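The structure under discussion appears below in the form of structure tokens.
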Amino acid sequence: MVSKKIGWVSAAIMAAACSGGGGGGSETPAPAPGDVGTTPPSAPPTQNMPPVVSSTDLTAQLDGGSISVPINVSDPYGDPVELVLLDAPDWITLNDDGQLTGTPDTDQTGSFDISIEASDGTNTSQITLTLTLFMDPVEQALATGDYTYITRDSDTDVPTVLLNEIEATRERNKAALREIYRLNEDGTLGEDSLSAVSWNSSPGSSTFRFAPVFGYNFPIVTTNTSSVYSWQNRKYHFALAGFYGDTRYTVISGTAINGSFNETSQRHQLLKSAIEWSIDKDPVDLNIVIAQHHSDGDNSGIRNWLSSAFPDQVSFNIPRACDSIALSICMEDNPDLLVLYEDHFSEQELDLVIPQIQAALESGIPLFFVRSTVRLPETLTSTYWRWGEKPLGSKVQEFLHFSTNNSNQYEAAQVSNASPLDYVYGWEPQFVGTIENLVENIEAESLNFDLSDCTGPVTCEENPDFQNAAGRPLSTLQNAIAIVDENRMDPFLTANPNRYYGAMLLVGDYYRSLTSYPMPKATTSSNDIVRALFGENSTAIYRKYTPAMSDLGSFSRSTFSDDLLEDVNVSLTSATPFKTSRTYALPGEIVSVTYSRSDDL
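Take the sequence shown: its letters are residues 1026 to 1626, numbered as in the working numbering.
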């Protein structure tokens, strides 16, 4: 049981207020001589009443985070009230302010009974509350991957959800860049803006080139030149920022932070600003944990840099005290920032560190991750070295969902006096706008073409107008959805969802539900055909659940006689990460699949 006392009103004040006491009133006149028995007897003492709640029906909306629901309890005579939580779901607690708090799962909608005891010290009452959790239909669809929450309960249609998420992601990225680069609210340069950032990387350097994933992260430093003439017009990303759920993180490439903070360097100012954005609080009394640094010491570059960038405002762990399994202990104090390098000494240490980093992000601890190419042993215990990636960094970027496009060793791309307005503000992959236009055209039913001469199922090279308006965008859609599988990301049912890709998959699910076969070109509008092709090209293998189509085509309406059915034995070579038997499971038929292998898993 949990006992909490909440605020009260003084009983003496209540009594004075009820009796009308206070200055300015006239005195009661004395009885006249000879009057007998005119003074009324004293009223009997009023019986004390137990505390009461104004309503036993409580509600809260789920948004993927914690909830806080006040219990409106009062005592008729202003006595202090003590609350005790008697019975509730295990994720609910009663805090000091008399509020029910907790973090339910996103699928825990419905009603829950909660029993409390309220006491004023004299009388006690047991009260049963009903807490009803509900979720906005759009949020529930994006959390679970089920578009029918939207079609059943929302005034918004599914395609509009995708269009809204595209715009919301754009604005979220821009808002972050406005803060990091100190831009005006309208995105223009101001007096204090970082408008001429330089970031040099010479041949042979250890700088990586990053590939962000829209909806997860975005570039904050992009090259605009190279010391090698043939590469001068290439654009690479040296640093990015992003969100793990609601937790912010920054990833930089190479050794950009080393030595003392340079107040006059816009690169140093940019990195300091990125850290301030990541921690999302005033940079005062910062508790920073530094982990997995290959040469961490009291005088290491990162410690000097942070101490001079935030003078008298930072404290650190003892060097190497938060590496490996000790990282979880350091995270218990809920530090303001985790500065992570990628040094480790064994596969066992790697297995210990990765879950701790994810747990830190899930608990809201911001991350500043330094990613760089390093000299590696051919094996973790070998004395022979090569240039490449360390496994820890590869694992971290896997769950942060970005990739690296080799090092900058030969191209020597650089950033020279770059303005954010030229290279990073408003960044997005080209396919985002292409798919956005395709959905808008489908919803406007403006894709009207003569497809009678088309031979190809999608491209229809015989009709250039169709090819430009639908054929190529559909191929672009297919390539964009492939990113889900390539990055092993399930946009739903995860601590780090991608709302943009999630909404795109929901649109595909919804469009497939509207598809009815057969769809002959002579009698089916080209807009309906494009809509069906959108659904067909937007299926991801890596997601946990994919809704069944309402119409499976001619197979679902055909009968198959026994002479058409056969037993097959299929021998397959493993093709990571997916395997298929290359057979069809027919609707209405019982199919048995046996998997056996002679070697150990």
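Where is the CB? At the ideal position from N, CA and C, for every residue including glycine.
Owing to the predicted nature of the structure, the values given are computational and were not obtained by experimental measurement.
State the Cα-Cα distance for the pair residue i and residue j, rounded to the nearest angstrom.
i     : j     : result
L1392 : Q1086 : 29 Å
T1084 : D1178 : 18 Å
R1400 : A1437 : Any reading at R1400 needs caution, since the residue's pLDDT is 46, under 50, leaving its predicted position unreliable; the model's value is listed next. Looking at the two C-alpha atoms, the distance is approximately 18 Å.
Q1455 : N1342 : 43 Å
V1098 : A1113 : 18 Å
D1115 : E1511 : 38 Å
I1282 : S1332 : 12 Å
D1121 : L1110 : 12 Å
G1560 : L1125 : 43 Å
S1419 : L1375 : 11 Å
D1182 : T1176 : 7 Å
T1169 : E1192 : 21 Å
S1290 : V1222 : 8 Å
R1273 : N1552 : 41 Å
K1636 : G1103 : Examination of residue 1636 is not possible in this model, given that the chain is present from 1026 through 1626 alone.
A1200 : C1479 : 45 Å
M1160 : Y1535 : 20 Å
G1123 : A1143 : 11 Å
H1262 : G1279 : 12 Å
S1563 : N1504 : 9 Å
L1531 : W1302 : 32 Å
M1529 : G1240 : 11 Å
P1445 : V1395 : 21 Å
R1524 : D1217 : 33 Å
T1408 : K1415 : Here T1408 scores only 38 on pLDDT, less than 50, and its place in the model should not be relied on; the value that follows carries that caveat. If I take the Cα positions, the gap works out to 15 Å.
E1164 : C1355 : 34 Å
S1575 : V1464 : 21 Å
I1031 : A1264 : With a pLDDT of 45 at I1031, under the threshold of 50, the predicted position of this residue should be treated as unreliable, and no value is reported.
N1209 : V1449 : 15 Å
L1518 : I1382 : 19 Å
V1440 : P1244 : 13 Å
P1075 : T1081 : 16 Å
L1476 : Y1174 : 35 Å
Per DSSP, residue i forms a beta bridge with which residues?
i     : result
Q1124 : P1095
R1273 : F1268
H1426 : None; H1426 has no bridge partner.
I1467 : Note: I1467 sits in no beta bridge, so no partner.
I1205 : In DSSP, I1205 forms no bridge with anything.
E1142 : V1109, Q1151
H1369 : Paired residue(s): none; H1369 is not in a bridge.
W1224 : V1440
Q1086 : F1159
R1513 : In DSSP, R1513 forms no bridge with anything.
P1244 : L1265
V1077 : S1099
T1118 : T1126
F1393 : T1275, V1364
A1236 : S1428
F1286 : Bridge partners of F1286: none, in fact.
Could you check if residue i is buried or exposed, using at least 16 other CB atoms within 10 Å of its CB as the buried criterion?
i     : result
P1522 : buried
R1513 : exposed
P1380 : exposed
H1426 : buried
D1088 : exposed
P1543 : exposed
V1593 : exposed
T1157 : exposed
Q1373 : exposed
G1049 : Caution is warranted here: a pLDDT of 44 is assigned to G1049, below 50, making its placement in the model unreliable, and the coordinate value is therefore given only provisionally. With fewer than 16 Cβ atoms within 10 Å of its Cβ, G1049 is classed as exposed.
T1248 : buried
V1238 : buried
Q1422 : buried
I1038 : With a pLDDT of only 30 at I1038, under the threshold of 50, the placement of this residue in the model should not be trusted, and no figure is reported.
Q1072 : exposed
P1228 : Note that P1228 has pLDDT 48, beneath the 50 cutoff, so the model's placement of it is unreliable and the number below is only indicative. Classification for P1228: exposed.
V1276 : buried
T1149 : exposed
A1520 : exposed
A1547 : exposed
I1350 : exposed
Are the C-beta atoms of residue i and some chain B residue less than 8 Å apart?
i     : result
G1279 : Here there is only one protein chain, and chain B is not present.
Can you check the stretch 1314-1349 for any beta strand (DSSP E) of at least 3 residues that lies completely inside it and give the ranges in chain order? 1339-1341
How about the stretch 1489-1502 and the stretch 1127-1146: do they share at least three Cβ pairs that are nearer than 8 Å? no
With contact counted as at least three CB pairs below 8 Å, one residue from each stretch, are the stretch 1460-1475 and the stretch 1299-1319 in contact? no
So within the stretch 1437-1510, which uninterrupted beta strand (DSSP E) runs reach at least 3 residues, ignoring any that extend past its ends? 1438-1443
Length-filtered (4 minimum) alpha helix (DSSP H) runs lying within the stretch 1166-1216: 1173-1178, 1183-1206
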